[in-house]
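Read in order, the letters of the sequence shown correspond to residues 1 to 704 in UniProt numbering.
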Amino acid sequence: MRKWVLSGILASEETYLSHLEALLIPMKPLRAAATTSQPMLTIQQIETIFFKVPELHEIHKDFYDALLPRVQDWGHQQCVGDLFQKLNLKVKSTKDSDSSSSTALLYKPVDRVTRSTLVLHDLLKHTPSSHPDYPLLQDALRISQNFLSSINEEITPRRQSMTVKKGENRQLLRDRFMVELVEGSRKLRHVFLFTDLLLCTKLKKQAAGKGQQYDCKWYIPLADLTFQTIEDCESTPIPLVQDEEIDAMKIKISQIKNEIQREKRTTKGPKVIERLRKKLSEQESLLLLMSPNMAFRVANRNGKVSFKSFSLTSLELQMLTNSCVKLQTVHTIPMTMNKEDDESSGLYGFLNVIVHSASGLKQSLNLYCSLEVDSFGYFVNKAKTRVYRDSTEPNWNEEFEIELEGSQTLRLLCYEKCCNKTKQSKEDGEMTDKIMAKGQIKVQPNVTHTSLADMNELSKIALSMKFTSREFSLKRMPSRKQSGVFGVKINVVTKRERSKVPLIVRQCVEEIERRGMEEVGIYRVSGVATDIQALKAAFDSNNKDVSVMMREMDVNAIAGTLKLYFRELPEPLFTDELYPNFAGGIALSDSVAKESCMLNLLLSLPEPNLVTFLFLLDHLKRVTENESVNKMSLHNLATVFGPTLLRPSEKDSKISNSSQPISMNDSWSLEVMSQVQVLLYFLQLESIPTPDSKRQSLLFSTEV
């Protein structure tokens, strides 16, 4: 790991040196011309534009020339901390040599120090404290951090506040946040309802340390106030954001929350988390602005009032707006990041749900049920029963295995299938279905039989549930029947079949690509458990009619069979041995080192594992090409397949070995986030060298 990290910094140093050399080429003739009678630039301008470029080139050339032979002649006790110490001290001296250098310093040199700081973090993470290089690296990191702090130092402005006497007759009744449409743009407003007027304000952005301040956008005396629905107005209709865009925002928010939880357990410090929190705040603010869809208009009554309305002077308005700072009762914008971090993380594992029957209908209908669970703060569809036709007491008795990812609630929606309407497309057809009942229940490990009662037009829907924790659900048990494919080592199956990729993987992928690429929630929505078990039995017995069975089966059951195959492998596809290295590689800060590490590890997999993964990876990328229809993004697919393809061995599990007081759910949450990030990394790579070319690839050379 240390060598990969250093290989990454060597590669980037080489690129940086080429940039500096490119700057030196025009600098020399410009400097020579500055002493002539017709200079293109003055000496001062040249010194500003090419600030310390020759010195920086010399410093980094010395660093590169000293580091390269140490990496090439690598040994376990090799030390490099002294080189980083010299580099940081020399770069620091270029700053100290000029009083105005903190503003004149070019971006690239500061970027190099930032990068070397990240590299030092990575090196320390993988260097034992007993190693002779450890204290040298610590000192180099201290120098680097002090240098960056001196550049980023800012003076905190003093807090200013204004005390305003509260009006004697005017009292605040309520205040809330609202979204206002201004010239086609949505704006967040803080609205104050007083006993005599409605005041709309904008919360000013303040520098750190300053208190809140408001700008008045408009006010209306209550005597003049009217409300109109948009239908009553002749104005342009309010543009509403599509559900797909709202879902995409929620997914992005969940990704950032995942990163925050992961970073809390690393040694990168609060700065990284603070940056992620800022991104989270921006995304949640955007979601807050785009979500409202109940539109109404607030307006004056055009003078038709029973008594004379009033107006505020500019001074009175200023005093009133300033008083809002002290009067406000709602201080925080309604976003999830305002909530406490120690909220229940929910359950991780699998929930077996049997939808039995419904009762209480007064007329025969065509009904089906949809099952949803919450995932990182929003609900996603996980399963759907078949349509039970022309009955007042439908009996589905269908079983589903639903994967839980930090879930707390199971939601059930019962729809009437409206088959008599003309359908332009499947999605449009689903939109015409009428919701008949809706209910939800808290997911608990010990809940089994239950029912949802008093659901609109139904009296109840009967359910059975059984929760299996991830610890047990992903416990891989080798098959006793080596002639089958489930629970049998992948190299045994490929050798027996004389293929590079197991036949079950090829057949499932081909069928899904034939008719499932536009299926909403493919791989996320569960298939019927009995169908999946039937397919499993057919593959295990080498049934020649399995392809016929697949053509007649729901495509979600085929997707479920493929996931089950990977989940039941005796060893995960990414292997027990390499899993800790994948988890360590994805946490590296330096992007070049991370790529080198992750690709080296991937190409270290046994050949059947590697070829099968690359085959699956290509398929998953093709699935996301239809994301606008099937709603499956790269992150969605990584969330589904990550914990299936990667998993720590039982002896390396954080639950069995951790001596710290961490809950089982928190531990699995951390594992899952790491597994998702590893698969997402490979899904986002544009290209991966094939096994045949890995020895010829420059990226995997012993030299940089």
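Virtual Cβ for every residue (Gly too), placed ideally from N, Cα, C.
For LEU41, collect the residues of the same chain with a Cβ closer than 7 Å to its Cβ; drop the 5 residues on either side in sequence, then sort them by chain order. Taking the first residue of the sequence shown as 1, we reach residue 41 at position 41. Short of 7 Å from the beta carbon of LEU41, and not among the five residues preceding or following it, lie these beta carbons of its own chain, in chain order: LEU30, ALA34.
Given a cut-off of 7 Å on the beta-carbon distance, is the pair PHE194 and ARG170 in contact? Residue numbering aside, residue 194 sits at position 194 when the sequence shown is read from its first letter. Residue numbering aside, residue 170 sits at position 170 when the sequence shown is read from its first letter. Yes. Within cutoff.
Considering only the beta carbon of each residue, do ARG189 and CYS200 sit closer than 7 Å? Here residue 189 corresponds to residue number 189 of the sequence shown, with the count starting at 1. Here residue 200 corresponds to residue number 200 of the sequence shown, with the count starting at 1. Closer than 7 Å, so yes.
Is the distance from the Cβ of ILE504 to the Cβ of ILE558 below 7 Å? The residue labelled residue 504 in the question sits at position 504 within the sequence shown. The residue labelled residue 558 in the question sits at position 558 within the sequence shown. For ILE504 and ILE558, no; Cβs fall outside 7 Å.
Looking only at C-alpha atoms, which of THR639, GLN77, VAL501 sits nearest to VAL525? Along the sequence shown, one-based indexing puts residue 525 at 525. Checking every option, the nearest Cα to that of VAL525 belongs to THR639.
Distance check for LEU24 and LYS61, CA to CA, integer angstroms please. To locate residue 61, count along the sequence shown from 1; it is residue 61. To locate residue 24, count along the sequence shown from 1; it is residue 24. Approximately 14 Å, taken between the alpha carbons.
Alpha carbon to alpha carbon, how far is MET550 from VAL676? For the purposes of this step, residue 550 is identified with residue 550 of the sequence shown, where counting begins at 1. For the purposes of this step, residue 676 is identified with residue 676 of the sequence shown, where counting begins at 1. Between the C-alpha atoms of MET550 and VAL676 there is a straight-line separation of about 29 Å.
Are three or more beta carbon pairs between the region 73-82 and the region 121-135 nearer than 8 Å? Touching, yes, given that three or more Cβ pairs across the two stretches are closer than 8 Å.
According to DSSP, is ARG506 helix, strand or coil? The residue labelled residue 506 in the question sits at position 506 within the sequence shown. Three-state DSSP puts ARG506 in a helix.
Go through its chain and collect everything with a Cβ distance to THR468's Cβ below 6 Å, but skip five positions before and after it. For the purposes of this step, residue 468 is taken as residue 468 along the sequence shown, with counting starting at 1. These residues qualify, in order along the chain: GLY349, PHE350.
Inter-stretch contact (C-beta, 8 Å, three-pair minimum) for the region 244-261 and the region 288-296: The region 288-296 and the region 244-261 touch, with three or more beta-carbon pairs separated by less than 8 Å.
Between the CA atoms of ALA32 and LEU10 - distance to the nearest angstrom: For the purposes of this step, residue 10 is taken as the residue at position 10 of the sequence shown. For the purposes of this step, residue 32 is taken as the residue at position 32 of the sequence shown. Answer to the nearest angstrom: the Cα atoms are 33 Å apart.
If you draw a straight line from the C-alpha of GLY8 to the C-alpha of LEU617, how long is it? Residue numbering aside, residue 8 sits at position 8 when the sequence shown is read from its first letter. Residue numbering aside, residue 617 sits at position 617 when the sequence shown is read from its first letter. In this structure, the CA atom of GLY8 is about 25 Å from the CA atom of LEU617.
List the DSSP bridge partners of LEU412. Counted from its first residue, the sequence shown places residue 412 at position 412. Per DSSP, the beta bridge partners of LEU412 are LEU371, GLY439.
Kindly list the residues whose CB is nearer than 8 Å to the CB of ASN300, restricted to its own chain and excluding five residues on each side of it in sequence; keep chain order. Reading the sequence shown from its first residue, position 300 is the one you call residue 300. Excluding positions up to five away in sequence, the list reads ILE220, ASP224, LEU225, THR226.
Counting pairs of beta carbons, one from the region 355-371 and one from the region 392-401, are three or more of them closer than 8 Å? Taking 8 Å as the limit for Cβ pairs, the verdict is that the region 392-401 does touch the region 355-371.
In or out: PRO445 buried (at least 16 other Cβ within 10 Å) or exposed? Position 445 of the sequence shown, counted from the start, is the residue given in the question as residue 445. Classification for PRO445: exposed.
For TRP396, count neighbouring C-beta atoms within 10 Å of its own C-beta (all shown protein chains included) and say buried if the count is 16 or more, exposed if not. Position 396 of the sequence shown, counted from the first residue, corresponds to residue 396. It is buried - the Cβ of TRP396 has at least 16 other Cβ atoms within 10 Å.
Which runs of the alpha helix (DSSP H) spanning at least 4 residues fall entirely within the UniProt domain "DH" (1-86), listed in chain order? The alpha helix (DSSP H) runs of length 4 or more contained entirely in the UniProt domain "DH" (1-86) are, from start to end of the chain, 2-33, 43-49, 53-72.
If I measure Cβ to Cβ from HIS126 and keep anything under 8 Å in the same chain, skipping five residues before and after, which residues do I get? Residue 126 sits at position 126 when you count from the first residue of the sequence shown. So the list reads MET1, ARG2, VAL5, GLY584, once near-sequence residues are dropped.
Please state whether DSSP places ALA248 in a helix, a strand or coil. On the sequence shown, position 248 is the one that residue 248 refers to. Secondary structure of ALA248 (DSSP, three-state): helix.
Assign LYS594 to one of two classes, buried (16 or more other C-beta atoms within 10 Å of its C-beta) or exposed (fewer than that). Taking the first residue of the sequence shown as position 1, residue 594 is located at position 594. LYS594 comes out buried.
Cβ neighbours of LYS460 in the same chain (closer than 8 Å, five flanking residues each side left out): By one-based count along the sequence shown, residue 460 stands at place 460. Apart from the 5 residues on each side of it in sequence, LYS460 sits with its Cβ closer than 8 Å to the Cβ of ALA358, SER359, GLY360, SER451, LEU452, ALA453, ASP454 in its chain, given in chain order.
Neighbourhood of SER604 by C-beta distance below 7 Å, restricted to the same chain and skipping five residues each side: Counting from 1 along the sequence shown, the entry for residue 604 is found at position 604. Take SER604, set aside five residues on each side of it, and the residues of its chain with a beta-carbon closer than 7 Å to its own are LEU578, in chain order.
Identified DSSP bridge partners for SER469: Counted from its first residue, the sequence shown places residue 469 at position 469. Partner(s): GLY349.
Return the residue from the list LEU197, GLN318, LEU89 that minimises the CA-CA distance to SER144. To locate residue 144, count along the sequence shown from 1; it is residue 144. For the residues LEU197, GLN318, LEU89, the minimum Cα distance to SER144 belongs to LEU89.
For a test of the three-state rule: what should DSSP assign to ILE155, helix, strand or coil? The count along the sequence shown starts at 1 and reaches residue 155 at position 155. For ILE155, the pLDDT reaches just 30, beneath the cut-off of 50, and the residue's location in the model is therefore unreliable, leaving the point undetermined.
Provide the residue span of the beta strand (DSSP E) that contains SER391, from first to last. Indexing the sequence shown from 1 puts residue 391 at position 391. Counted as a single uninterrupted DSSP element, the beta strand (DSSP E) harbouring SER391 occupies residues 388-391.
Compute the distance between the beta-carbons of THR644 and LYS563, then report whether it is under 7 Å. Here residue 644 refers to the residue found at position 644 of the sequence shown. Here residue 563 refers to the residue found at position 563 of the sequence shown. Taking 7 Å as the Cβ cut-off, THR644 and LYS563 qualify as a contacting pair.
Which of the three DSSP states, helix, strand or coil, is assigned to LEU458? In the sequence shown, residue 458 corresponds to position 458, counting from 1. In the structure shown, LEU458 sits in a strand (DSSP, three-state: E or B).
Distance between PHE147 and LYS271 (C-alpha atoms, nearest Å): If you number the sequence shown from 1, residue 271 lands on position 271. If you number the sequence shown from 1, residue 147 lands on position 147. If you take the alpha carbons of LYS271 and PHE147, they lie about 16 Å apart.
Please confirm if the region 488-496 is in contact with the region 307-326, defined as three or more CB-CB distances below 8 Å between the two stretches. No, they do not touch.
Expressed to the nearest angstrom, what Euclidean distance is found between the alpha-carbon atoms of ASP122 and GLU245? The residue you call residue 122 lines up with position 122 of the sequence shown. The residue you call residue 245 lines up with position 245 of the sequence shown. The straight-line gap from Cα to Cα measures roughly 37 Å.
Pick from LYS417, LEU404, GLU372, VAL380: whose alpha carbon is nearest that of SER391? For the purposes of this step, residue 391 is taken as the residue at position 391 of the sequence shown. By alpha-carbon distance to SER391, the top candidate from LYS417, LEU404, GLU372, VAL380 is LYS417.
Locate the beta strand (DSSP E) running through LEU172, then write down its first and last residues. On the sequence shown, residue 172 is found 172 positions in, with the first residue counted as 1. 172-182 is the extent of the beta strand (DSSP E) around LEU172.
Using a 10 Å radius around the Cβ and a threshold of 16 neighbouring Cβ atoms, would you call THR36 buried or exposed? To locate residue 36, count along the sequence shown from 1; it is residue 36. It is exposed - the Cβ of THR36 has fewer than 16 other Cβ atoms within 10 Å.
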